[in-house]
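One structure below.
In this note's numbering, the protein residues as written are 2 to 924.
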C-alpha cells in the first residue's frame with residue numbers, strides 16, 4: 002500500500018477567500034485598525050493625563066504644603082550633655098536623614114535635591130542691638146537655624162562662609178552665621194555684624210555675621226518651607242491694640258554649630274524636610290500614596306520614624322490635602338469623560354456590526370448554497386471565523402501597537418483588553434449571523450422590506466425595556482449629576498446613547514408611513530421616477546434599524562461633545578470677563594491712584610486698541626453724609642464713568658446694555674446726580690435723593706436706572722454716576738477693548754503711568770482656567786469624540802448605501818431596458834436616498850438637541866472648565882447646545898448620501914446591463 006501523502010483536491014478555504022475578495026478583507030482590516038486604535042488609546046490617554054495631573058499637582062504645589070516635615074526635640078535635659086550635643090551634629094542628622102528616606106512607604110519617595118535637614122529655634126529671640134531697624138520702636142525677633150549644605154543651595158555675595166571653630170558644645174559662646182541679601186538689606190547687616198543672644202544661664206552667645214549669600218533656587222523647599230530663611234518679614238505685634246510691626250528674620254549657622262543652640266531659650270528643634278519625588282508616579286499610585294501619607298502621619302509607620310529620630314517625633318504635611326484635591330477633580334471629570342467614551346464605544350460597536358451584516362448579506366446566497374448541500378453550521382461558522390480572524394487579528398494588534406506608540410506612559414492591560422474586545426466582536430459577528438439566519442433552509446426570494454416585517458412581541462418588550470432604562474438614566478443624571486461619589490455610573494454615562502436608541506426605534510417604526518402617504522399623490526403625476534423613489538424608500542429593508550441607530554448615536558455623541566467644549570469655552574470667557582471687565586485692565590495697586598490724560602492717550606495709541614473706557618472706582622463708599630457715617634453704615638462701590646465710552650464697552654463685551662441716557666443731566670443748581678444702581682441697592686435706596694460721602698466730599702445722588710451687571714466691578718452693590726458730576730473725576734482704572742492687543746506695549750504704557758500700575762489681560766485670565774493636564778487631557782478627548790462621532794456617522798451612511806448598492810444597480814439596469822434615461826436614473830437614486838438621509842439628519846439634530854436639553858441640569862462642567870482659576874469664581878459652567886456640532890455632521894450625512902447616489906448612478910450608466918440581467922438572476 003502506498004503510504005505517500007496525497008495532494009489535497011481543493012485549495013485551502015481561507016487562502017481562496019482572501020484571493021477572491023481582497024478588497025473586502027482590506028477594508029475590514031482598516032476599519033478594525035481604526036476602531037481598535039480608538040478603543041485602546043482612550044484608556045491610555047485617560048491614564049496619561051491623570052498621571053501627568055498627579056505629578057503636576059505635586060511639583061507645582063508650594064513646598065510648604067507638599068514637603069514631609071519630620072521634627073523632634075533634642076534629647077531631654079536629663080541626658081548627658083555629650084549625648085544631647087551629638088544628636089545635634091551633622092553626622093547624626095545625616096544618618097537620620099538617610100534612615101528616614103529609606104523608611105518612606107512606597108510609592109512615597111523622597112527627592113534628595115529638594116530635601117533638607119538641620120536644626121533651628123522654634124521660639125523667636127529678641128535682638129536688642131541698637132543698630133537694628135525698629136519700624137514701630139519694636140526690636141526685631143530672630144530665628145537661628147543650622148541647615149545642612151548651605152553652600153550647595155546658595156552663592157556667596159560678600160564675606161566668607163560661616164564655619165564651626167573646633168567642636169561646638171553647650172559651653173560655646175561664639176559662633177558664626179550667614180544671612181541672605183534681602184535680610185542683610187532690610188536689617189542693615191553686613192559681614193562683621195554681631196548679635197548677642199541670651200542663654201539660659203544668663204550669659205550671651207555671640208553670633209557673628211561672616212557672609213552674605215544669595216539663594217540659588219529661592220522657590221525650592223530649602224528656602225520656601227520657612228520663608229524667613231530667604232527673606233525677612235514684617236510681623237504685626239499680636240499684643241498691641243493698634244497695628245504695630247516688627248522685623249522677623251533668620252540667621253543661618255553651620256550645621257556643626259547647632260549644639261550651641263541648646264544653651265539658648267529658643268527651644269531648638271531638629272527637622273528633616275523630605276520633598277516628595279513625583280517622578281514615575283501614575284494615577285494608579287494615588288490611592289496608595291494617600292494611604293502611605295496617612296500611615297506615616299498618624300498610623301503605624303509613625304512608630305518607625307520615632308525609632309529613627311526619637312520618641313517624640315512628629316510628621317506634618319499638607320500632601321494629603323493635595324491628594325484629596327486631586328481625587329476630587331478626578332472624580333468630577335471622570336464621569337463627564339465617561340459619557341463621551343460610552344457614546345463613541347457604542348457607535349463603534351454598531352458600525353462594526355453593520356460591517357459584519359454587510360459582508361454577510363453579500364454572501365447570503367453563497368452560504369445558503371453551502372447549507373443546502375450539507376454544510377454544517379459548525380463547519381461553515383468555523384471557516385468564516387478563520388477567514389475573518391486572518392484579517393481582523395493583525396489589524397487589532399496594529400491598532401493596539403499604534404495606541405501604545407502614541408501614548409507611551411500608561412497601563413497596558415486596559416488598552417489590550419479594549420483592542421481584544423474589538424477583535425472578538427468582529428470575529429464573532431459573521432459566524433453568529435450565519436448560525437442565526439441559516440439554522441433552517443430559507444425560502445428563495447423572500448421579501449425583506451418593511452411590508453413583510455412585523456414587530457414581534459419580543460421586540461416590543463425589548464423596546465419598552467430600553468425606554469424604561471433611558472427614562473431612568475435621564476432621571477438619575479438630572480437628579481444626582483455625573484458625580485456619584487463612587488466613580489462613573491455606567492447607566493448614567495449611557496444616557497445619551499439610550500436616548501438615541503429610543504429615537505432610532507421610534508423613527509424606524511414611523512418613517513415609512515409618511516413616505517407611503519406621500520407616494521399616493523405623486524402617483525397621479527406624470528412620470529414614474531418620483532413615485533418609484535418614494536415607494537422604494539417606504540419599503541426600505543427591515544434591517545435599516547442598525548444604520549439609523551449608528552447615525553443617531555454618532556450625531557448625538559458629536560453634538561454632546563461639541564456642546565461640552567462650547568460650555569467650557571463659555572464658562573472660561575465669562576469668568577475671565579468677570580475678573581477683568583474688558584479685554585485688558587490697567588489700574589494701580591489698591592485701585593486709588595489716578596491715571597493722567599497723557600497715560601490715557603498713550604494707551605489709546607497702542608496697536609490693537611479699539612476703545613478705552615476711563616473709570617473712577619471708589620470702593621467702600623459710605624451711603625450717608627459725612628456727619629452721619631458710622632462703623633455700621635452701609636457701603637457700596639461708586640463708579641464715575643464717561644457714559645458714551647462705558648456704553649460702548651458694555652456692547653463690546655456682550656454685557657447688558659448700559660443706560661447712558663439715564664445719566665444725562667447733572668441735576669443742575671444743586672440737584673441730585675442721576676445714578677445707575679445694582680438691583681439690590683436700588684431696592685434699598687428707592688427713588689429718593691440720597692447724600693453719600695465720596696472721596697471728594699458729599700454728593701447727592703438719585704437712582705435713575707437699574708443695571709444687573711457692569712464691567713468695572715463684580716460687586717453686588719454698585720452705584721454708577723457721570724464722572725463729570727464729581728468734584729474730582731480723575732479715572733483710576735482703564736478698561737481696554739481690542740481683538741489683538743499688544744501686551745508688551747500696554748505694559749510699557751502702564752509703567753509710564755506710574756510704578757504701581759499693572760495690566761491684567763482677559764486672555765491670560767482665561768488661560769489660568771486651563772493650566773492642569775487633567776483639564777487639557779479631558780478636552781482633547783472630547784474633541785476626539787466629536788471628530789470620531791462625525792466620522793462614524795459618515796461611515797454608517799456609506800455602509801448603509803453599500804449594503805443596498807447591488808439592488809439599486811440591478812434596478813437601474815432593468816429600468817434602462819424600459820427606456821429610463823441616465824438623468825432619470827440619477828434622479829431616482831437621489832430621490833430614493835434622500836428621505837433616509839434627511840430622516841437621519843433631522844433625527845440627529847432633534848435627538849442631539851433633546852439630549853442636551855434633558856441632560857444639561859445634571860452635567861457638572863465646573864471642575865473641567867474652572868478648576869485652574871480662582872476657587873471663588875462666581876460663574877458656573879453649564880451645558881449648552883452648540884449649533885455647529887449639531888449642524889455640520891448632519892449636513893455631512895446628507896451631502897455624503899447625495900454624493901454616493903450620484904456616483905453610483907454615473908458609474909452604472911458607464912457599465913453595460915448584460916451582467917446585471919443574467920438569466921436566472923433572482924435579484
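Note that the Cβ used here is the ideal one computed from N, Cα and C, for glycine as well. None of the values given here were measured: they were computed from a predicted structure.
Cβ separation of residue i and residue j, assumed to be a contact under 8 Å, to the nearest whole Å
i	j	result
residue 761	residue 584	That belief does not hold up - the Cβ atoms of residue 761 and residue 584 are roughly 10 Å apart, past 8 Å.
residue 118	residue 94	5 Å
residue 742	residue 604	The Cβ separation is near 10 Å, so there is no contact.
residue 497	residue 852	5 Å
residue 862	residue 568	5 Å
residue 179	residue 258	Contact flag wrong, Cβ pair sits at about 11 Å.
Pairwise C-alpha distance: residue j and residue i
i	j	result
residue 924	residue 472	With a pLDDT of only 46 at residue 924, under the threshold of 50, the placement of this residue in the model should not be trusted, and no figure is reported.
residue 268	residue 244	28 Å
residue 751	residue 736	12 Å
residue 789	residue 777	18 Å
residue 132	residue 249	15 Å
residue 969	residue 749	In the structure displayed, the chain extends from 2 to 924; residue 969 sits before or after that span and is not available.
residue 780	residue 236	45 Å
residue 357	residue 318	58 Å
residue 561	residue 886	8 Å
residue 23	residue 427	17 Å
residue 872	residue 738	Confidence at residue 872 is low in this model, with a pLDDT of 45, below 50, so the placement of that residue should be treated as unreliable; the coordinate-derived value is given next. Cα to Cα, residue 872 sits roughly 26 Å from residue 738.
residue 533	residue 521	11 Å
residue 40	residue 768	31 Å
residue 82	residue 411	55 Å
residue 452	residue 333	Note that residue 452 has pLDDT 47, beneath the 50 cutoff, so the model's placement of it is unreliable and no number is given.
residue 352	residue 47	24 Å
residue 635	residue 622	8 Å
residue 491	residue 321	29 Å
residue 190	residue 213	9 Å
residue 595	residue 655	27 Å
residue 376	residue 392	24 Å
residue 419	residue 314	49 Å
residue 571	residue 878	8 Å
residue 139	residue 49	54 Å
residue 137	residue 589	27 Å
residue 35	residue 421	13 Å
residue 838	residue 336	33 Å
Own chain residues within Cβ distance below 7 Å of residue i, not counting five before or after
i	result
residue 718	637, 638, 679, 681, 682
residue 920	Residue confidence for residue 920 is low, a pLDDT of 44 falling below 50, so the modelled location carries little weight; the figure read from the coordinates is stated next. Taken in chain order, the list of residues that qualify is empty.
residue 504	553, 844, 848
residue 774	50, 53, 54, 57
Own chain partners of residue i with C-beta closer than 6 Å, once the 5 adjacent residues on each side are dropped
i	result
residue 907	none
residue 834	898, 902
residue 276	68, 112, 115, 116, 222
residue 230	224, 251
residue 196	128, 208
Neighbourhood of residue i by C-beta, 8 Å cutoff - its chain only, sequence neighbours within 5 removed
i	result
residue 270	72, 73, 74, 75, 120, 121, 122, 123
residue 799	897, 901
residue 904	none
residue 266	124, 126, 199, 200, 201
residue 182	158, 213, 214, 215
Per DSSP, cross-strand counterpart(s) of residue i
i	result
residue 118	273
residue 265	200
residue 247	236
Neighbour flag for residue i against chain B, beta carbons, 7 Å
i	result
residue 684	The structure shown contains no chain B; it holds only a single protein chain.
Secondary structure, beta strand (DSSP E): runs of 3+ residues fully inside the region 569-630: 585-588, 612-623
For the region 60-111, which segments carrying the alpha helix (DSSP H) assignment without a break, of at least 4 residues, lie completely within its bounds, in sequence order? 64-67, 82-88, 91-104
Would you list, in sequence order, the uninterrupted beta strand (DSSP E) runs of no fewer than 3 residues that lie entirely inside the region 630-663? 636-642
Start-end ranges of the alpha helix (DSSP H) lying completely within the region 797-859, minimum 4 residues: 806-818, 823-856
Starting from the N-terminal side, write out each stretch of the alpha helix (DSSP H) that is 4 residues or longer and does not extend beyond the region 174-228. 182-187, 222-225
In chain order, what are the residue ranges of uninterrupted alpha helix (DSSP H) at least 4 long that sit wholly in the region 288-321? 302-310
Could you tell me which uninterrupted beta strand (DSSP E) segments, each at least 3 residues in length, are contained entirely in the region 709-751, listed from first to last along the chain? 719-723, 734-738
Just to confirm the assignment: which complete beta strand (DSSP E) runs, minimum length 3, are found wholly within the region 747-793? 759-762
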